[in-house]
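Asker:
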Amino acid sequence: MQINISNIKSFTSETEIKEFKQKAIKTNKLLHTKDGKGNDFLGWINLPNTITDNELSDIENTAKELQSKIDIMVVIGIGGSYLGAKAVIEALSDNFSMLKNEKNKPKVLFAGQNLSEDYLYELRELLKERSYALTIISKSGTTTEPAVAFRILRKDLEEKYGKEDAKKRIIAITDKEKGALKQLANENGYKTYIIPDDVGGRFSVLTPVGLFPIAIAGYDIKKIVEGAKNMAKETSNPNNIAETYAASRNILYNKNYTNEILVNYNPKLTFLAEWWKQLYGESEGKEGKGVFPASVSFTTDLHSMGQYIQDGKRNIFETVISVEKTKYKIVLEKNKANLDNLNYLAGKRIEEINKSAELGTTMAHKDGKVPIINISIPEINEYYLGELIYFFEKACGISGYILDVNPFDQPGVEAYKKNMFQILKKPGY
Ligand code: PA5
Numbered sequence: 069m070q071i072n073i074s075n076i077k078s079f080t081s082e083t084e085i086k087e088f089k090q091k092a093i094k095t096n097k098l099l100h101t102k103d104g105k106g107n108d109f110l111g112w113i114n115l116p117n118t119i120t121d122n123e124l125s126d127i128e129n130t131a132k133e134l135q136s137k138i139d140i141m142v143v144i145g146i147g148g149s150y151l152g153a154k155a156v157i158e159a160l161s162d163n164f165s166m167l168k169n170e171k172n173k174p175k176v177l178f179a180g181q182n183l184s185e186d187y188l189y190e191l192r193e194l195l196k197e198r199s200y201a202l203t204i205i206s207k208s209g210t211t212t213e214p215a216v217a218f219r220i221l222r223k224d225l226e227e228k229y230g231k232e233d234a235k236k237r238i239i240a241i242t243d244k245e246k247g248a249l250k251q252l253a254n255e256n257g258y259k260t261y262i263i264p265d266d267v268g269g270r271f272s273v274l275t276p277v278g279l280f281p282i283a284i285a286g287y288d289i290k291k292i293v294e295g296a297k298n299m300a301k302e303t304s305n306p307n308n309i310a311e312t313y314a315a316s317r318n319i320l321y322n323k324n325y326t327n328e329i330l331v332n333y334n335p336k337l338t339f340l341a342e343w344w345k346q347l348y349g350e351s352e353g354k355e356g357k358g359v360f361p362a363s364v365s366f367t368t369d370l371h372s373m374g375q376y377i378q379d380g381k382r383n384i385f386e387t388v389i390s391v392e393k394t395k396y397k398i399v400l401e402k403n404k405a406n407l408d409n410l411n412y413l414a415g416k417r418i419e420e421i422n423k424s425a426e427l428g429t430t431m432a433h434k435d436g437k438v439p440i441i442n443i444s445i446p447e448i449n450e451y452y453l454g455e456l457i458y459f460f461e462k463a464c465g466i467s468g469y470i471l472d473v474n475p476f477d478q479p480g481v482e483a484y485k486k487n488m489f490q491i492l493k494k495p496g497y
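Spelled out as structure tokens, the structure:
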């Protein structure tokens, strides 16, 4: 993958770019020497190198065993315990996979990522007619949303398959000792994977949290780790692309470009943006600081958010993820009658039109005074998603340190919980 910052140059100077790159080099070093804030949560830095082939094979084998007997895997989790897996699965899946039957490729559905009664009701109705299993993911083992969904879905599972068979259909991914989930898993003998102590939720895609659901969906987790490993190597030396990204967004933030929009031109990357928003929002949004992360999917959103980006308040910058190669090919044919006046496009691939839209939009947004950071990957596959995930994680740590916050805690998330628990009269609140 590559990064290009030529489209922010008219908003800054070479001196400033150098100055912020030096800051980024310094803060990247802090991550490696573990001398910065939140240094007990830096385990993610070495994950691609420390996860062993045996661990990966164990995940694959557990997945394989279940794949042949289920139509649906319900993954229960919220925040960092669901977004990474969802992002990768959506990126790799056929756009219409939900309507296609693929042998030994169960559909992965999610639960416990909201408190919607209707969502849960409709899911339970669906599961009545399908063969399924549950994966419950919670590092703390106490988060309300997944705990509530798990209590309900576990009972349904036990009623459908009997207690003994149900146990074989539940995978728990949690802390090595803390939390109610670990206790539940121990007592029932569920197959359990451990989330390392020093890896926070939103940095946990490269642990079983992300890798197990991805393996169940039928994708190559070893390739993901391989891509991440390559990026770990690339970003461990000074003057790397993660530093460039972190430095660039901080330059812009300091010039009052306080909103960053992650842009894609391929709807398969929509959920990658959701994962990215959590990563940056929860890591940097503290102490009254932080770039506000937003996202759009073009060209769809050129017909909704395009107007604002072109003409609205000038506090926005874009980070565009371009994918060089599509998986398939469609050429627009010439039509004799040409009643739709599209013959000027005859012989062109749809992707050529998409790329022209991308170029046209970049030019328009530049004219509209929107700074743009360009990131490109050759194609959407496991390897490049592994690279992208590690790249964004590394840049997030570097960027958070430049901003002088602790990127690895999330004290603000507790505020709503405290109120909700008081309202619900949870003992102790
Ligand atoms: O990134 C984080 O730490 C959070 O988003 C958590 O992943 C989220 O709150 C879920 O927590 P848990 O895995 O403990 O249920």
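Take any residue in the sequence shown, count from 1 to its spot, add 68: that is its number in this note's numbering.
Heads up, the beta-carbon is just placed ideally off N, CA and C, and yes, glycines get one too.
#1: Closest to G148 by CA distance: which of T101, L194, I204, T130 is it?
#2: Using the Cα positions of I292 and N107, report the straight-line distance between them to the nearest angstrom.
#3: Write down the C-beta distance between N327 and V359 rounded to the nearest angstrom, noting that I regard them as a contact closer than 8 Å.
#4: Can you check DSSP and say which residues form a bridge with Q70?
#5: When the Cα of N474 is compared with those of K196, G356, T394, which residue comes out closest?
#6: Would the beta-carbon of K207 fall within 8 Å of that of D243?
#7: Check whether the Cβ atoms of I448 and N334 sit closer than 8 Å, and answer yes or no.
#8: Would you give the residue range spanned by the alpha helix (DSSP H) that I418 belongs to?
#9: Confirm the yes/no value for this check: CB of T429, any heavy atom of ligand 1, distance under 7 Å.
#10: Once the 5 residues before and after I138 are set aside, which same chain residues still bring their CB inside 7 Å of it?
#11: Quick one: is the Cβ of I204 within less than 7 Å of any heavy atom of ligand 1?
#12: Could you tell me which residues DSSP puts in a beta bridge with N327?
#13: May I ask which residues mark the beginning and end of the alpha helix (DSSP H) holding I127?
#14: Is G268 near ligand 1 - that is, is its Cβ less than 7 Å away from at least one heavy atom of it?
#15: On a Cα-Cα basis, can you pick out the residue from F459, G468, E450 that is closest to E158?
#16: Quick one: using the 10 Å Cβ neighbour count with 16 as the cut-off for buried, is P306 buried or exposed?
#17: What is the rounded straight-line gap between the Cα of D103 and the Cα of T95?
#18: According to the neighbour-count rule (16 or more other Cβ atoms, all chains shown, within 10 Å of its Cβ), is R270 buried or exposed?
#19: So for M141, helix, strand or coil by DSSP?
#20: For the stretch 161–168 and the stretch 120–133, state whether three or more C-beta atom pairs, one from each stretch, are separated by less than 8 Å.
#21: Should V388 be labelled buried (16 or more other beta-carbon atoms within 10 Å of its own) or exposed?
#22: For L456, which option in L124, G436, V156, L98 has the closest C-alpha, if you only look at C-alpha atoms?
#23: One question on the structure: do G480 and K354 come within less than 8 Å of each other, judged by their Cβ atoms?
#24: DSSP three-state label for F178, please.
#25: Report the residue from A285, P264, I284 whose alpha carbon sits nearest the alpha carbon of T275.
#26: Counting Cβ pairs, one atom from each stretch, are 3 or more of them under 8 Å apart for the stretch 398–405 and the stretch 363–370?
#27: For T20, does the three-state DSSP call read helix, strand or coil?
#28: Between L400 and N487, what straight-line distance do the alpha-carbon atoms span, to the nearest angstrom?
#29: Can you say whether A483 is buried or exposed, counting buried as having 16 or more other CB atoms within 10 angstroms of its CB?
Answerer: Well, looking at it:
#1: I204
#2: 25 Å
#3: 7 Å
#4: S444
#5: The candidate whose alpha carbon is nearest that of N474 is G356.
#6: yes
#7: yes
#8: Unbroken alpha helix (DSSP H) run through I418: 418–435.
#9: Not so, every heavy atom of ligand 1 lies at least 7 Å from the Cβ.
#10: P174, S199, Y200, A201
#11: no
#12: Checking the DSSP bridge columns, you'll see N327 partnered with F360, I384.
#13: Per DSSP, I127 belongs to the alpha helix (DSSP H) from 121–135.
#14: Yes, the beta carbon of G268 sits closer than 7 Å to at least one heavy atom of ligand 1.
#15: E450
#16: exposed
#17: 9 Å
#18: buried
#19: In this structure, M141 counts as strand in the three-state DSSP scheme.
#20: no
#21: buried
#22: V156
#23: yes
#24: strand
#25: Closest by alpha carbon: P264.
#26: no
#27: Within the shown structure, residues of the chain are numbered from 69 to 497, placing residue 20 beyond reach of any answer.
#28: For the pair L400 and N487, the Cα-to-Cα distance works out to about 56 Å.
#29: Burial state of A483 is exposed, judged by a 10 Å Cβ sphere holding fewer than 16 other Cβ atoms.
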